[in-house]
Amino acid sequence: MLLPTYALFVTFISAPIVLGQVVYDSKHNVTSLRGTWGMNTNGHVLTGPTFFNPVNRTFTVPESYNNLTSWSWSYSFTDDGFWERCTYHSLVLIGENCTASGATLYYQHGTYQLHSNGSIALTPFAKDGTVETRVSPGCGDINETRSYDDPGFVESWSITRDPTLGSVLRLVQPHLPAFRLPLAYDPPNMHPTRQLITQL
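Residues -20 to -1, 1 to 180 in mature numbering (1 follows the signal peptide of the UniProt record, and there is no 0) are what the sequence shown lists, from first letter to last.
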């Protein structure tokens, strides 16, 4: 089995962005999308090298998340059309004679395009997306890692100023609750904005 390696030759990908319809004002978008935004801005589940290692396709989750029973999302955006996403999704499995807890971990990055209706189209670098499912002993150990290629769509977004949290990004996505993501880093903390994995 060949280990994934960083790409030595990169195909340039253009990412046209429609910015003309975005209005930055005190009621809607007080800043651009640029930055790293996360539900937990303490550095635990944020984009960049702390959470996901593309060289060996591994995730690092702190011990404090072992008993987490919710989701944790993080997005990063650049001004020139690149994005990255990391997600921690807690799981509880109930079998006939057992109960076990665990999590599903996601990583994706790619290019994005802003549309004039306020939506965002997210196109991933196909080979780089990774999902891992971990389940603790109880219903049998599960530790599975596979490729993940899921184009994303944001129905609407806005950035407002919170007196305590500062700039907060609100994302509305299909079939999901609206997320409020405070700004963690600007400039964003991300992996290189290119295809990273060349072999699966």
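Every residue gets a Cβ at the ideal spot worked out from N, C-alpha and C, and that includes glycine.
Inset, instruction - Can you grab the Cα-Cα spacing for the pair Gly(-1) / Ser12, in whole Å? - result: Model confidence at Gly(-1) stands at a pLDDT of 43, short of 50, so the residue's coordinates are unreliable; what they give is reported in the following sentence. Rounded to the nearest angstrom, the gap between the Cα atoms of Gly(-1) and Ser12 is 12 angstroms.
Inset, instruction - List the DSSP bridge partners of Val148. - result: Val148 pairs with Thr140, Pro162.
Legend entry - Coarse secondary structure for Glu135, derived from DSSP in three states: Here DSSP, grouped into helix, strand and coil, assigns Glu135 to coil.
Inset, instruction - Please work out which residues of its chain come closer than 6 angstroms, Cβ to Cβ, to Glu112, disregarding the five sequence neighbours upstream and downstream, and give them in chain order. - result: Answer for Glu112: Phe39, Leu85, Thr125, listed in chain order.
Inset, instruction - Determine, using beta carbons only, whether Tyr55 comes closer than 8 angstroms to chain B. - result: The displayed structure is made up of one protein chain only, and chain B is not part of it.
Inset, instruction - Identify whether Ile(-4) lies in helix, strand or coil by the three-state DSSP scheme. - result: Note that Ile(-4) scores a pLDDT of 40, beneath 50, so its modelled location is shaky; the value from the coordinates is reported in the next line. Reduced to three states, the DSSP call for Ile(-4) is coil.
Legend entry - Cβ pair His89, Trp63 closer than 8 angstroms: Here His89 is near Trp63, since their CB atoms are less than 8 angstroms apart.
Legend entry - Residues near Trp53 by beta carbon distance below 6 angstroms, same chain, minus five either side: Cβ neighbours of Trp53 beyond the five flanking positions: Met19, Thr67, Phe159.
Inset, instruction - Kindly list the residues whose CB is nearer than 8 angstroms to the CB of Met170, restricted to its own chain and excluding five residues on each side of it in sequence; keep chain order. - result: Around Met170: Thr16, Thr27, Gly28, Ser56, Thr58, Phe62, Glu64, His89.
Inset, instruction - Mind reading off the beta-carbon distance from Pro162 to Val148? Whole number of angstroms is fine, and I expect it under 8 angstroms. - result: About 5 angstroms separates the beta carbons of Pro162 and Val148, which is inside the 8 angstroms limit, making them a contact pair.
Legend entry - 8 angstroms Cβ cutoff met for Asp129 and Pro154: Cβ atoms of Asp129 and Pro154: not closer than 8 angstroms.
Inset, instruction - Using only alpha-carbon positions, find the residue among Gly132, Arg150, Pro131, Thr144 that is nearest to Ser138. - result: Ranking Gly132, Arg150, Pro131, Thr144 by Cα distance to Ser138 puts Arg150 first.
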